Every structure is written in structure tokens, then in C-alpha cells.
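**Student:** Let me give you the structure first, and then I'll get to my questions.
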Amino acid sequence: MREDIDRWNAKYADRPSSDSIEPDPLLLEHRQLLASGGLCIDLAGGTGNNGLFAAQLGYRSIIVDGSEAGLRLCRLKAQANDLDPMLVVADLDRLSLPEAAFDLVLLFHYLNRGLVGPICRSLKPGGVLFFKTFNSRKRLERPDFPEKYLVADGELREWFAALHCVATNDGASEGATYHWIGYRPEG
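Last residue of the sequence shown: number 692 in the numbering used here, and the count goes up by one each step with no gaps.
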């Protein structure tokens, strides 16, 4: 959505550049799943912390975001850390993903239900998905948070039923974020 992209561009426009790569704690906690290398796509990557972390681990990273300002900060961070990811400015509401192309798919704090099927199909056999978004309890903290960006209990389990679940807190009764880590079975 154009208004979301404009909002993120405005948010990143005032943010100072940083050389520090600080991946989501979920990636650090499950780092053992990131040992194989290959091709990674970081969707809604923002300033690139997660995709750049994957690049540090040996993945060829593609970082996709609608915000040119966010990816400009990502480019500076990548250069400071001697990394060379592919940066793609794209509206994720209109993104097309190739099938069986990625060894690692990262999507943090972005929700587009229309991407769920394409994301699952974009994983290679044995490929790993890290998906983290907000659930309805986010509104306890921020009552104005848009309902369309929140998942219901059990929704992630339904979406990713074709993947082998490694870890999830989908349906848990506490915490504001939900995550799903899974992989596409071989063959």
C-alpha cells in the first residue's frame, strides 16, 4: 500500500545511519538452522538487519522493502560491513515470488495474507522460513494498531500446515508477537 510505504519512508528519513547489524533475537536463538547458506530473501527487510545477518553467515541475501529510505540505510550498513546484498525496492502487495527458489525466507513484522501461499511455494525443499508478526494482543499495548495487521490464535498453524514446524508460539496466551519457524520437507 502506498500510504504504508510513505509512512515508512518518513520514519526512515530521520533515522541516523548505523554500521551495527542487530538481527531479531529469534534468528539468534535459532542460529543453528542458518548453517547451510544458499539464497535468502528478507521480505519487508527495512534497514536490513536480518538479511545482512544472513549474509554474514554466508547466504546470498536479497533484501526487499517498499521504503527507499530504509534500503538506503541498509546499503550504508552493508558497505560498512563489507557485505553485498541485492537490494530491491518493491511494493510487497504486488510482489511475485519464484517457486522453489530460496533456502531461507525471512519476514518480520509485516503481514500480507496474500503472500502466505507464494512464500511457502518459494522455499526450496529443506528451505527454512522465519515468520514473525503481531497477534491481536498487540492492541492491549496499542489500541490504535490496525486490526488487518494482526493474526488470530491458530492462524499461523493453518497457513503453514505444509511446512514442518520447528518452533512457534502461535496460540500461546501471552506475548504480543507470534512467530513461526518451519521448513519445507524434502521431496
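Note that beta-carbon positions come from the ideal geometry of N, C-alpha and C, so glycine has one too.
Everything numeric in this text was worked out from a predicted model, so none of it was measured.
Residue 529 and residue 549: beta carbons closer than 8 Å?
**Tutor:** Contact flag unset, no.
**Student:** If you follow the beta strand (DSSP E) that residue 627 is in, where does it begin and where does it stop?
**Tutor:** No beta strand (DSSP E) holds residue 627; the alpha helix (DSSP H) holding it covers 621–627.
**Student:** Less than 8 Å separating the beta-carbons of residue 559 and residue 579?
**Tutor:** It is not a contact, given that the beta carbons lie outside the stated cut-off.
**Student:** Would the beta-carbon of residue 568 fall within 8 Å of that of residue 603?
**Tutor:** No. Outside cutoff.
**Student:** With three or more beta-carbon pairs closer than 8 Å as the criterion, would you say the stretch 623–631 touches the stretch 646–660?
**Tutor:** No, because fewer than three Cβ pairs between the stretch 623–631 and the stretch 646–660 fall closer than 8 Å, the two stretches do not touch.
**Student:** Thinking residue 638 and residue 609 are a contact (beta carbons under 8 Å), I'd like their distance in whole angstroms, please.
**Tutor:** Residue 638 to residue 609, Cβ: 18 Å. No contact.
**Student:** Determine whether the beta carbon atoms of residue 551 and residue 572 lie at a separation below 8 Å.
**Tutor:** Yes, these two residues count as a Cβ contact at 8 Å.
**Student:** In three-state terms, what does DSSP make of residue 630?
**Tutor:** Reduced to three states, the DSSP call for residue 630 is strand.
**Student:** What does a CB cutoff of less than 6 Å around residue 658 pick up in its chain, not counting 5 residues either side in sequence?
**Tutor:** Result list for residue 658: 676, in chain order.
**Student:** Please report how far the alpha carbon of residue 518 lies from the alpha carbon of residue 511, in whole angstroms.
**Tutor:** Each residue's Cα considered, the two are about 10 Å apart.
**Student:** Return helix, strand or coil for residue 555, following the three-state DSSP convention.
**Tutor:** In the structure shown, residue 555 sits in a helix (DSSP, three-state: H, G or I).
**Student:** Can you say whether residue 656 is buried or exposed, counting buried as having 16 or more other CB atoms within 10 angstroms of its CB?
**Tutor:** So residue 656 ends up on the buried side.
**Student:** Exposed or buried, which one is residue 583 when buried takes at least 16 other CB atoms within 10 Å?
**Tutor:** Burial call: buried.
**Student:** If you draw a straight line from the C-alpha of residue 625 to the C-alpha of residue 531, how long is it?
**Tutor:** So the two alpha carbons sit approximately 19 Å from each other.
**Student:** Under the three-state reduction of DSSP, which class applies to residue 547: helix, strand or coil?
**Tutor:** Correct three-state label for residue 547: strand.
**Student:** First and last residue of the alpha helix (DSSP H) that includes residue 536?
**Tutor:** Per DSSP, residue 536 belongs to no alpha helix (DSSP H) and is neither H nor E.
**Student:** If distances are taken between C-alpha atoms only, which option among 670, 686, 534, 513 comes closest to residue 576?
**Tutor:** Closest by alpha carbon: 513.
**Student:** Three-state secondary structure (DSSP) at residue 565?
**Tutor:** Looking at residue 565 - three-state DSSP - the assignment turns out to be strand.
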